[in-house]
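Each remark here refers to the structure printed beneath this line.
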Amino acid sequence: MNSKIAIAMSGGIDSLVAAHLLKEQGADLVGIHFKTGYEACGTDFSPIEERLGITVHTVDLSTVFENRVVDYFVRTYARGKTPNPCLFCNKAIKFGALMDEAEKLGAGRIATGHYVRTQRNDDGSIALVKGRDPDKEQSYFLAMLSQQQLKQAVFPLGELTKTMVRRIAEENGLVPMEKNESQDICFIQDRSFSEFIADKLQLDPRPGDITLPDHRVIGRHRGLHCYTIGQRRGLNCPGPEPYYVKTIDLATNTLVVGVKTELYTTDVVLSDLNWIAAPFTSQGKVITKIRYSHRGAPAALNISNERTTLTFDEPQFAVTPGQVAVFYQEERVLGAGIIQ
C-alpha cells in the first residue's frame, strides 16, 4: 500500500491536530477537503498549509453528496423514518468518494479526526474499537464501514481525549478555522428539518389526525415529515401527562402518540446488516446502541433466513425506525443494522 496519507481537513480543531500529529510522526502527508455544495462560503486553507507545511487540495463532491447522503436523508424522512446521515456520509463520502480522490493524489490511506481506534486481528482483519475519551468517542458513526475502508483508515486521535487535543493545539499554535463543533446535519442551516425536506421533495402540507393508541383523536399534525419517534415538542396536545410520538402511520396519514411508558420496546427488527467482525450465523449476546446518545443495552441478536431481530434484556425507550443499531462486545464494534 502507498505510504502517503491524505488527511481529511475541515478547518476544525480535530482534523488540524490529527494532521499535526501525523506530521510529527514523519508521515508523507497531503491535505484534502471536500465541498458538499451546502457551504456558506469557500474555505481558505493557506494559513493551515503554511503552519503545517502541507498542501490542502479541495475537491467538489457535491453531486455524490447530494445523491448518496441528502437524497437518502429526505426520502427516508418522507417514508416516516428517521435517518442518521452521518453514518452513510462516512461510508459513501469520507471513506468512499473522498478516498477515491485521495488515491488520485497518490495516497494509499486516509486519516480523519474521529475519536476512534483500530486494531489488527491475528487473521489480518481490522477491529473497530471505541476511542479512549468516553464523552467524545465516535465508533458509532463508523459502524457501517467495510473491512477495506478500515484498512485504509488512520485515526490519530483515538488514544486522546478532547481536553488533550485542545492542549496540543494551544501548545503548538494551531488555530482552527472553524471555532464551533461540527453539527450532525451539516447540510441543514437556518431552517428546520421539516422545511428542508418539504423544499427538497416539493411537498405540500398534508395535515392529519393525532390519535392515542386507542384511536381517539386528540389533535392535528402539520405533516408526518415534521415528526420523529419519541418527539415531545410541537404536538400541542395537552393531557394528564406529556405525550410523545409513538407511531407514524403513512397509510392513514395519522400520528399516534402515547405517554412515555407506552414508548418502550423489547423486540426490534433490523435490515441491511454490516459486519466488521466475523458475523454471527444464528444468535449471540451483544451490547447495542440504538442511537449515538444511547448508553447501550444488553440484547440477544437473532439471525435467520426470514429476518434479523434484537431482543433487549430490558425495554428501551423510543426505538426509532431508520436509525442504526450498533452492536458491541466490550470495546469492539461487531457490526450494525438499520432499525425497521
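Note that the working numbering has the sequence shown beginning at 6, numbered continuously upward.
Positions of the beta carbon are idealized from the N, C-alpha and C atoms, including for glycine.
Owing to the predicted nature of the structure, the values given are computational and were not obtained by experimental measurement.
Coarse secondary structure for residue i, derived from DSSP in three states
i, result
"Tyr82", "helix"
"Glu319", "strand"
"Pro52", "helix"
"Phe146", "helix"
"Val64", "strand"
"Gln153", "helix"
Beta-carbon contacts of residue i that lie in its chain and below 6 Å, excluding the five residues immediately before and after
i, result
"Ile202", "Val79, Tyr82, His230"
"Pro52", "none"
"Met182", "Gly16"
"Tyr297", "Tyr145"
"Val222", "Asp214, Thr216"
"His119", "Gln143, Phe160"
"Gly289", "Leu306"
Which listed residue (the options) has its alpha carbon closest to that of residue i
i, options, result
"Phe146", "Leu165, Arg114, Pro90, Asn126", "Pro90"
"Asp105", "Asp65, Leu92, Arg84, His119", "Asp65"
"Gly136", "Gly129, Asp209, Ile115, Leu162", "Leu162"
"Lys86", "Arg337, Gln328, Val338, Glu335", "Gln328"
"Leu103", "Leu57, Ser199, Arg73", "Arg73"
"Phe50", "Thr41, Leu110, Met14, Glu44", "Met14"
"Asn382", "Val273, Cys191, Leu179, Arg84", "Because the chain in this structure spans residues 6 to 345, residue 382 falls outside the shown range and cannot be described."
Residue j beta carbon less than 9 Å from that of residue i
i, j, result
"Ile131", "Leu155", "yes"
"Phe317", "Thr270", "yes"
"Phe39", "Thr63", "yes"
"Pro326", "Ile215", "no"
"Ile37", "Leu27", "no"
"Pro165", "Asp140", "Here residue 165 is Leu; the residue named in the question, Pro, does not match the sequence. No, the Cβ-Cβ distance between Leu165 and Asp140 is not below 9 Å."
"Tyr232", "Val291", "no"
"Ile281", "Val338", "yes"
"Arg114", "Ile10", "yes"
"His25", "Ala116", "no"
"Gly228", "Leu208", "yes"
"Arg196", "Pro212", "no"
Beta-carbon contacts of residue i that lie in its chain and below 7 Å, excluding the five residues immediately before and after
i, result
"Arg237", "Pro247, Tyr249"
"Glu319", "Ala302"
"Val261", "Thr216, Pro218, Lys251, Thr252, Asp254"
Residue i: CB within 8 Å of a non-hydrogen atom of the ligand NAP
i, result
"Gln30", "Ligands are entirely absent from the displayed structure, and the ligand NAP is therefore not among its contents."
Three-pair Cβ contact test at 8 Å for the stretch 268-283 versus the stretch 334-343: yes
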